[in-house]
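The next block holds one structure in the form of structure tokens; read it before the comments.
There are 2 protein chains.
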Amino acid sequence: MDHKILETARELIDEVGYPALTIDQVAARAGVGKAAIYRRYASKAEMAFIATVHGQWPPPQPDTGSLHGDLLELARTYHTLLAAPASRHVAPALMSELAVNPELVTRFQDNFQAAELAGLAEIIQRAVARGELARPVDPAIAHLLLIGSHVAALYLFHQHVDDTTVTSLATATTAGLIALADQE
Amino acid sequence: MDHKILETARELIDEVGYPALTIDQVAARAGVGKAAIYRRYASKAEMAFIATVHGQWPPPQPDTGSLHGDLLELARTYHTLLAAPASRHVAPALMSELAVNPELVTRFQDNFQAAELAGLAEIIQRAVARGELARPVDPAIAHLLLIGSHVAALYLFHQHVDDTTVTSLATATTAGLIALADQE
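Chains as they are written, first to last, in UniProt numbering: chain A, 1 to 184; chain B, 1 to 184.
Right, dumping it as structure tokens:
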């Protein structure tokens, strides 16, 4: 039933857009009760986020042979997922809801953030093994720099982000982690 | 009248919180018509953002004598403004509204982002003059790294950000800009 709900939500977001989407529409087309949807998701924003962004997560773990290559691949994946038309509505709506729903924050941290931090910890560990980083650094810092810069560009400043920008953000993050490892 | 509206909005946000705030309450207490408020601000979110975050902007321009010092001071200012209780509701609400209101995006870029980029361009120019940066780098990249990491930490992951984290983000951003200047 999860699969059917999320697939229907994705279809309807493509057809009517996120702002016009309602839980009623999803329930009717998926042939499930509204209660079944609300048992799984706190709100339209959480359902839509899982259908459009989180459903594609965790992204395939990059393993390119260099720290810069891994972070660039990750930055490109973040960009692809976060710049998709549905995400541009769904992710800001999710952030508004996180501000007022602490249980949603916990679910989001456990199901989404934790997997990404684990992936980044592996990337960092491999960079240490190759001698690119003097020591392991906090994956949370890498995560904030990489994903935060995309969140600000897309959802706060609504600026065009081309591959040159994505590459610069990955290059700066790489150099930043090397500096933190040297100093720690 | 602007001043009275914004002061009243700030008072009411302190008293009832952003979620419960209404334009009606602000109009009644400030002794102005609702139309006067809507002529100035597209919505509750824009009014509240200008009252709580943007009203404190632009922050005093840091000029500490080093790139790291300037970026650290800026990062601390971002943290103070964005982590304030009102901002935690108002900024995500503003992002939701930016997603559906292109005119608000333009106003936000012209009134808010432009001033910050000009400030960062000065910081970068001084770092070039001191020989800390080989060349001027794009202030937008510095901006996305510094403010984006705070936006993600506070509004997406709801993680505690202490001064060690703020310092690490400033250190990483400094090293990132140096690397970009070397490569450009």
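The C-beta atom is built at its ideal place from N, Cα and C for all residues, glycine as well.
- Query: Residues of chain A with a CB under 9 Å from the CB of Gln109 of chain B: which are they?
  - Reply: Phe157, His158, Gln159
- Query: Taking the alpha-carbon positions, what's the Asn101 of chain B to His68 of chain A distance?
  - Reply: 36 Å
- Item | Nearest-angstrom Cβ-Cβ length linking Leu94 of chain B and Glu46 of chain B, presumed shorter than 8 Å | Yes, Leu94 of chain B and Glu46 of chain B are in contact; Cβ-Cβ is about 7 Å, under 8 Å.
- Message: Strictly under 8 Å for the Cβ-Cβ distance: is Leu180 of chain A near chain B by that measure?
- Response: Yes, Leu180 of chain A lies at the interface with chain B (some Cβ there is under 8 Å from its Cβ).
- is_contact[residue 186 of chain A, chain B] using C-beta, thresh 8 Å: Beyond the ends of chain A as shown, which are 1 and 184, falls residue 186 of chain A; an answer cannot be given.
- Task: Examine chain A for any beta-carbon lying closer than 8 Å to the beta-carbon of Met47 of chain B, and answer yes or no.
- Result: no
- Task: List the residues of chain B that Ser96 of chain A touches, going by C-beta distances under 8 Å, in chain order.
- Result: Pro92, Ala93, Met95, Ser96
- Query: What span of residues does the alpha helix (DSSP H) with His143 of chain B cover, start to end?
  - Reply: 139-151
- Message: By alpha-carbon positions, which one of B:Leu169, B:Ile5, B:Gly55 ends up nearest to Ala28 of chain B?
- Response: B:Ile5
- Message: Quick check on Ala99 of chain B: does DSSP put it in helix, strand or coil?
- Response: If DSSP states are grouped into helix, strand and coil, Ala99 of chain B belongs with coil.
- Task: Return no unless some Cβ of chain A is closer than 8 Å to the Cβ of Leu6 of chain B.
- Result: For Leu6 of chain B, the closest Cβ of chain A is not nearer than 8 Å.
- Message: Between B:Leu169, B:Gly119, B:Val166, B:Leu146, which has its C-alpha nearest Leu60 of chain B's C-alpha?
- Response: It should be pointed out that residue 60 of chain B corresponds to Pro in this sequence rather than to Leu. Nearest option by C-alpha distance: B:Gly119.
- Query: Looking only at its own chain, which residues have a Cβ that is under 7 Å from the Cβ of Ser87 of chain A, when we skip the five neighbours before and after it?
  - Reply: Thr52, Val53, Leu81
- Item | Positions along the segment 125-143 of chain B whose CB lies within less than 9 Å of some CB in chain A | For the segment 125-143 of chain B, which is checked against every Cβ of chain A, the residues closer than 9 Å are Val137, Asp138, Ala140, Ile141, Ala142, His143.
- Unbroken alpha helix (DSSP H) run spanning Leu177 of chain A, endpoints: 163-183
- By the 10 Å Cβ neighbour count, where 16 or more other Cβ atoms means buried, how is Glu103 of chain B classified, buried or exposed? Glu103 of chain B is exposed by the Cβ-count criterion.
- Answer with buried or exposed for His3 of chain B, where buried requires no fewer than 16 other C-beta atoms within 10 angstroms of its C-beta. By the 10 Å Cβ count, His3 of chain B comes out exposed.
- Message: Which same chain residues end up closer than 6 Å to Arg10 of chain B when comparing Cβ atoms and leaving out the 5 residues on each side of it in sequence?
- Response: Ala51
- Query: Taking Arg126 of chain A as the reference, which of A:Ile23, A:Tyr155, A:Arg107, A:Pro62 has the closest Cα?
  - Reply: A:Pro62
- Query: Which whole runs of the alpha helix (DSSP H) in the segment 39-109 of chain B are 4 residues long or more, in chain order?
  - Reply: 44-52, 67-83, 85-98, 102-108
- Message: Does any residue of chain A have a CB that is nearer than 8 Å to the CB of Pro85 of chain B?
- Response: no
- Task: Compare the beta carbon distance of Leu169 of chain B and Leu146 of chain B with 8 Å and say whether it is the shorter of the two.
- Result: yes
- Item | Selected residue, minimal CA-CA separation from Leu71 of chain B, among B:Tyr41, B:Thr174, B:Ala115 | Of the candidates B:Tyr41, B:Thr174, B:Ala115, the residue whose Cα lies closest to the Cα of Leu71 of chain B is B:Thr174.
- Task: Taking the CB atoms as reference points, tell me whether Ile13 of chain A and Ala172 of chain B lie closer together than 8 Å.
- Result: no
- Task: Answer with buried or exposed for His160 of chain B, where buried requires no fewer than 16 other C-beta atoms within 10 angstroms of its C-beta.
- Result: exposed
- Query: Going along chain A in order, which residues have a C-beta closer than 8 Å to the C-beta of Thr171 of chain B?
  - Reply: The answer, in chain order, is Gly176, Ala179, Leu180, Gln183.
- The alpha helix (DSSP H) spanning Ala27 of chain A covers which residue range? 23-30
- Task: Spatial neighbours of Glu97 of chain A within its chain, please: CB distance less than 8 Å, with the 5 preceding and 5 following residues excluded, ordered by chain position.
- Result: Ala42, Ser43, Ala45, Glu46, Leu104
- Message: According to DSSP, simplified to helix, strand and coil, what is Ala118 of chain B?
- Response: Three-state DSSP puts Ala118 of chain B in a helix.
- Spatial neighbours of Asp24 of chain A in its chain, beta-carbon cut-off 8 Å, leaving aside the 5 residues before and after: Lys34
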